[in-house]
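Only one structure is covered here, and it is reproduced in the block below.
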Amino acid sequence: MQRLAIDGGAPVRSRPFPTINDALGRHVGAEELALLTEVIHSGQLNRNSGTKVAALERAWAEAFGVGRAVASTSGTAAIHAALGALPLNPGDEVITTPITDWGTIGPILAQGCVPIFADVDPVTYCLDPEQVERRVTSRTRAIVAVHLLGHPADMDALTAITRRHDLFLVEDCAQAMLARWGGRLVGTMGDLGCFSLQQSKVITTGDGGMTIANDEQLAARAALFADKGWSRAMRQEGRREHRTFGLNYRMTELQGAVGLAQLSKAPAFVANRQRVAKLVTERLHDAPGIIAPSVAPGADPVYWFYLVTLDPAELTVDQPQFMRALRAEGIPAGPVHGGDALYLQEMFQRKQVFGTSHYPFDYAGRSVDDVDYSRGLCPVAEELTDPSRSRSFLLPCNEGITEEDAVEMADAVRKVAEHYAR
Ligand SMILES: Cc1ncc(COP(=O)(O)O)c(C=O)c1O
Numbered sequence: 307m308q309r310l311a312i313d314g315g316a317p318v319r320s321r322p323f324p325t326i327n328d329a330l331g332r333h334v335g336a337e338e339l340a341l342l343t344e345v346i347h348s349g350q351l352n353r354n355s356g357t358k359v360a361a362l363e364r365a366w367a368e369a370f371g372v373g374r375a376v377a378s379t380s381g382t383a384a385i386h387a388a389l390g391a392l393p394l395n396p397g398d399e400v401i402t403t404p405i406t407d408w409g410t411i412g413p414i415l416a417q418g419c420v421p422i423f424a425d426v427d428p429v430t431y432c433l434d435p436e437q438v439e440r441r442v443t444s445r446t447r448a449i450v451a452v453h454l455l456g457h458p459a460d461m462d463a464l465t466a467i468t469r470r471h472d473l474f475l476v477e478d479c480a481q482a483m484l485a486r487w488g489g490r491l492v493g494t495m496g497d498l499g500c501f502s503l504q505q506s507k508v509i510t511t512g513d514g515g516m517t518i519a520n521d522e523q524l525a526a527r528a529a530l531f532a533d534k535g536w537s538r539a540m541r542q543e544g545r546r547e548h549r550t551f552g553l554n555y556r557m558t559e560l561q562g563a564v565g566l567a568q569l570s571k572a573p574a575f576v577a578n579r580q581r582v583a584k585l586v587t588e589r590l591h592d593a594p595g596i597i598a599p600s601v602a603p604g605a606d607p608v609y610w611f612y613l614v615t616l617d618p619a620e621l622t623v624d625q626p627q628f629m630r631a632l633r634a635e636g637i638p639a640g641p642v643h644g645g646d647a648l649y650l651q652e653m654f655q656r657k658q659v660f661g662t663s664h665y666p667f668d669y670a671g672r673s674v675d676d677v678d679y680s681r682g683l684c685p686v687a688e689e690l691t692d693p694s695r696s697r698s699f700l701l702p703c704n705e706g707i708t709e710e711d712a713v714e715m716a717d718a719v720r721k722v723a724e725h726y727a728r
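Each number in my numbering corresponds to the 1-based position in the sequence shown with 306 added.
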């Protein structure tokens with residue numbers, strides 16, 4: 307058996323591995339630069355005088371086959387614009403997952419609503435629809451479903467729940483651009499779909515966001531929300547008309563230029579992610595204790611990262627040690643969700659968002675103790691985020707990974723698995 311690099315052996319990989327944080331893993335180049343140069347030469351860096359963000363919105367809406375797309379500064383802003391477009395009242399409950407980025411839940415709180423956490427499925431780590439339905443109360447108004455790690459949430463079941471209980475459905479597609487459920491693109495099945503163009507996402511503008519909707523009124527409200535509630539209809543006359551509450555979440559023309567070039571590359575990026583995932587899965591099919599990412603029937607994932615699950619019955623090591631050994635082999639492995647499940651984080655434990663108040667947790671006839679953020683609330687999520695119990699971790703998956711890289715990554719996983727096999 308080969309000696310592990312962590313024990314002083316030769317690593318499987320000694321060259322840098324392509325990641326989403328460097329030029330090896332991110333294909334940003336001449337196409338982006340050409341459009342960016344146009345913007346610089348035009349002198350129009352703001353979307354309200356330029357053309358690139360508007361062009362990106364049109365191209366995005368067309369690519370997704372929806373009525374309208376609204377660009378913004380981040381995935382967080384895209385979700386905030388989506389929630390701002392909905393008729394939510396302070397104190398309303400919005401059900402979501404505790405395994406997600408803060409950008410999913412910050413906007414819920416910013417709208418004065420109460421995030422209610424439902425547990426995730428133990429295989430895909432997306433929202434478990436059964437757990438979601440158990441959390442529905444008379445105060446529930448919406449669900450924010452996250453398509454985690456590029457795998458779509460169960461949209462049939464979630465859509466059925468929203469119909470049964472008359473709820474809005476917002477899809478958080480930050481990690482899953484171009485993933486499909488039952489052949490349909492994620493983001494097009496709920497009332498609104500939200501995307502992030504942050505550095506690590508399927509395509510990137512550094513930071514950036516997009517909200518899509520078929521309903522023209524919802525889309526128009528999202529657009530107003532992202533632009534100070536300012537209708538530009540009277541712009542020629544120089545009149546300011548603020549129709550609704552809004553913030554400045556405007557994407558710049560610089561981001562719009564990069565986004566346009568990136569959008570045209572998205573199908574190729576996704577194809578490479580899927581190719582890499584297939585190859586790694588094939589090479590690891592008989593590696594001891596290694597469970598490949600599961601694909602739910604009807605799902606067509608885009609593998610934001612490649613999810614590895616360890617079978618403790620077949621391995622003598624835990625997840626942190628496996629990841630350490632893999633990193634020593636030159637493969638950048640990381641946890642699925644660094645840190646505790648979101649409701650266990652300090653802010654939720656204190657239930658303080660606005661100053662020293664407990665708003666919105668004590669609002670609209672509710673007492674602050676009525677909202678449950680205690681340990682034990684979502685056992686699957688808690689196990690996943692506890693390094694001593696978690697069985698899963700992530701491997702890189704991006705447009706820059708070649709077949710050779712994928713083979714080396716799989717070989718490194720196999721080497722570590724065989725070393726620690728029971
Ligand atoms: C699932 C999910 N939702 C929302 C966000 C927020 O996106 P951004 O970082 O662009 O604000 C992210 C990004 O990390 C994410 O992964």
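The C-beta atom is built at its ideal place from N, Cα and C for all residues, glycine as well.
Note that this is a predicted model, so its numbers are computed, not measured.
Open item on the list: I'd like the span of the beta strand (DSSP E) that includes Met516, first residue to last.
Closed with: Residue mapping note: residue 516 aligns to position 210 of the sequence shown, counting from 1. It spans Gly515 to Ala519 - the beta strand (DSSP E) in which Met516 sits, taken as one unbroken run.
Task: For ligand 1, residues whose Cβ lies under 5 Å from any non-hydrogen atom - done: Ser380, Gly381, Thr382, Thr406, Asp407, Gly409, Thr410, Val452, Asp478, Ala480, Gln481, Ser502 and Gln504
Task: Every unbroken beta strand (DSSP E) inside the segment 492-568 [3 residues or more] - done: Runs of the beta strand (DSSP E) inside the segment 492-568: 498-502 and 515-519.
Task: Completely contained alpha helix (DSSP H) runs for the segment 434-499, where each covers 4 or more residues - done: 435-440 and 461-471
- [ ] Could you give the DSSP three-state label for Arg374: helix, strand or coil?
- [x] Within the sequence shown, residue 374 is the residue found at index 68, counting from 1. Judged by DSSP in its simplified three-state form, Arg374 adopts strand.
- [ ] Determine the direct distance from the alpha carbon of His548 to that of Val359, and round the result to whole angstroms.
- [x] In the sequence shown, counting from the first residue as 1, residue 359 sits at position 53. In the sequence shown, counting from the first residue as 1, residue 548 sits at position 242. Computed Cα separation, rounded: 21 Å.
Open item on the list: Whether or not the segment 687-706 and the segment 612-630 are in contact is what I'm after, with contact meaning three or more pairs of Cβ atoms, one per stretch, closer than 8 Å; do they touch?
Closed with: yes
Task: Euclidean distance between Cα positions of Ala572 and Asp717 - done: As a working mapping, residue 572 is identified with position 266 in the sequence shown. As a working mapping, residue 717 is identified with position 411 in the sequence shown. Ala572 and Asp717: Cα-Cα distance of roughly 28 Å.
- [ ] Have a look at Thr511, Ser673, Arg527 and Arg541 and flag the residue whose alpha-carbon is nearest the alpha-carbon of Thr517.
- [x] Taking the sequence shown and counting its residues from 1, one reaches residue 517 at position 211. Nearest of Thr511, Ser673, Arg527 and Arg541 to Thr517, Cα basis: Arg527.
Task: 7 Å Cβ shell around Ala727 - same chain, five flanking residues per side excluded - done: In the sequence shown, counting from the first residue as 1, residue 727 sits at position 421. Cβ within range, chain order: Pro594, Gly595, Glu620 and Leu621.
Task: Span separating the alpha-carbon of Val372 from that of Phe474 - done: For the purposes of this step, residue 372 is taken as the residue at position 66 of the sequence shown. For the purposes of this step, residue 474 is taken as the residue at position 168 of the sequence shown. Using only the alpha carbons, I get a separation of about 17 Å.
TODO: Please go through the segment 397-438 and give each complete beta strand (DSSP E) segment of 3 or more residues, from N-terminal end onward.
DONE: 399-402 and 420-423
TODO: For Asn578, name the three-state secondary structure that DSSP assigns.
DONE: Position 272 of the sequence shown, counted from the first residue, corresponds to residue 578. Correct three-state label for Asn578: helix.
Task: Beta-carbon spacing of Val492, Ala485 below 7 Å - done: On the sequence shown, position 186 is the one that residue 492 refers to. On the sequence shown, position 179 is the one that residue 485 refers to. A contact, by the Cβ cut-off of 7 Å.
Task: Alpha-carbon spacing of Arg565 relative to Trp610, whole angstroms - done: Here residue 565 refers to the residue found at position 259 when the sequence shown is read from its first residue. Here residue 610 refers to the residue found at position 304 when the sequence shown is read from its first residue. As written in the sequence, residue 565 is Gly, which differs from the Arg given in the question. Between the alpha carbons of Gly565 and Trp610 lies a gap of roughly 18 Å.
Task: Inter-residue spacing [alpha-carbon to alpha-carbon] between Asn520 and Met307 - done: Position 214 of the sequence shown, counted from the first residue, corresponds to residue 520. Position 1 of the sequence shown, counted from the first residue, corresponds to residue 307. Distance between the alpha carbons of Asn520 and Met307 is about 57 Å.
Open item on the list: Quick check on the burial criterion: 16 or more other C-beta atoms within 10 angstroms. Buried or exposed for Gly499?
Closed with: For this step, residue 499 is matched to residue 193 along the sequence shown. Gly499 is buried by the Cβ-count criterion.
Task: Collapsed DSSP secondary structure at Asp711 in the structure displayed - done: As a first step, residue 711 must be located in the sequence shown, where it is residue number 405. Correct three-state label for Asp711: helix.
Task: Other residues of its chain near Leu590: CB distance less than 7 Å, five sequence neighbours each side excluded - done: Start at 1 with the first residue of the sequence shown, and residue 590 comes out as number 284. Correct list, in chain order: Ile596, Ala598, Ala716, Val719 and Arg720.
Task: Three-state class that DSSP yields for Tyr669 in the structure shown - done: Counting from 1 along the sequence shown, the entry for residue 669 is found at position 363. Of the three classes helix, strand and coil, the one that applies to Tyr669 here is coil, per DSSP.
TODO: State whether the segment 632-650 contacts the segment 390-400, with contact taken as three or more CB pairs (one from each stretch) at a distance under 8 Å.
DONE: no
Task: Environment of Gly682 [buried if 16+ CB atoms lie within 10 Å] - done: Numbered from its first residue, the sequence shown carries residue 682 at position 376. Classification for Gly682: exposed.
- [ ] Measuring alpha carbon to alpha carbon, tell me which of Leu648, Cys432, Gly671 and Ala391 ends up nearest Ala448.
- [x] In the sequence shown, residue 448 corresponds to position 142, counting from 1. Taking only the C-alpha atoms, the option nearest Ala448 is Ala391.
Open item on the list: Tell me which residues share the same chain as Phe667 and place their Cβ nearer than 7 Å to its Cβ, disregarding the 5 neighbours each side in the sequence.
Closed with: By 1-based counting over the sequence shown, the position of residue 667 is 361. Around Phe667: Val420, Lys657, Val674 and Val677.
- [ ] Please determine, among Ala361, His386 and Ala723, the residue with the shortest C-alpha to C-alpha distance to Ala375.
- [x] To locate residue 375, count along the sequence shown from 1; it is residue 69. Out of Ala361, His386 and Ala723, Ala361 has the C-alpha closest to the C-alpha of Ala375.
- [ ] Return yes when the Cβ of Leu616 is within less than 7 Å of the Cβ of Val722, no when it is not.
- [x] As a working note, residue 722 is residue 416 in the sequence shown. As a working note, residue 616 is residue 310 in the sequence shown. It is not a contact, given that the beta carbons lie outside the stated cut-off.
Task: Beta-carbon proximity check, Gly706 vs Leu330, cutoff 7 Å - done: Sequence index remark: in the sequence shown, residue 706 carries index 400 (1-based). Sequence index remark: in the sequence shown, residue 330 carries index 24 (1-based). Contact flag set, yes.
Task: Start and end residues, alpha helix (DSSP H) containing Ser694 - done: Here residue 694 is taken as the residue at index 388 of the sequence shown, counted from 1. Counting along the chain, Ser694 falls outside any alpha helix (DSSP H), and DSSP gives it neither H nor E.
- [ ] Drop a sphere of 10 angstroms on the beta-carbon of Ser378, count the other beta-carbons inside from all chains shown, and report buried for 16 or more, exposed for fewer.
- [x] Residue numbering aside, residue 378 sits at position 72 when the sequence shown is read from its first letter. Looking at its Cβ environment, which holds 16 or more other Cβ atoms inside 10 Å, Ser378 is buried.
TODO: Compute the distance between the beta-carbons of Pro757 and Gly456, then report whether it is under 7 Å.
DONE: Shown here, the chain extends from 307 to 728; a query on residue 757 therefore has no answer.
Open item on the list: Using the Cβ count rule (16 or more neighbours within 10 Å means buried), how would you classify Gly552?
Closed with: As a position in the sequence shown, residue 552 is number 246, starting the count at 1. Gly552 should be labelled buried.
TODO: Along the alpha helix (DSSP H) that carries Val345, what are the first and last residues, could you check?
DONE: Taking the first residue of the sequence shown as 1, we reach residue 345 at position 39. From DSSP, the alpha helix (DSSP H) with Val345 extends over Ala336 to Ser348.
Open item on the list: If distances are taken between C-alpha atoms only, which option among Val426, Ala387 and Asp427 comes closest to Gly409?
Closed with: For the purposes of this step, residue 409 is taken as the residue at position 103 of the sequence shown. The shortest Cα separation from Gly409 among Val426, Ala387 and Asp427 belongs to Ala387.
TODO: In the DSSP assignment, find the unbroken alpha helix (DSSP H) run with Thr622 in it and report its ends.
DONE: On the sequence shown, position 316 is the one that residue 622 refers to. No alpha helix (DSSP H) contains Thr622, which DSSP labels as neither H nor E.
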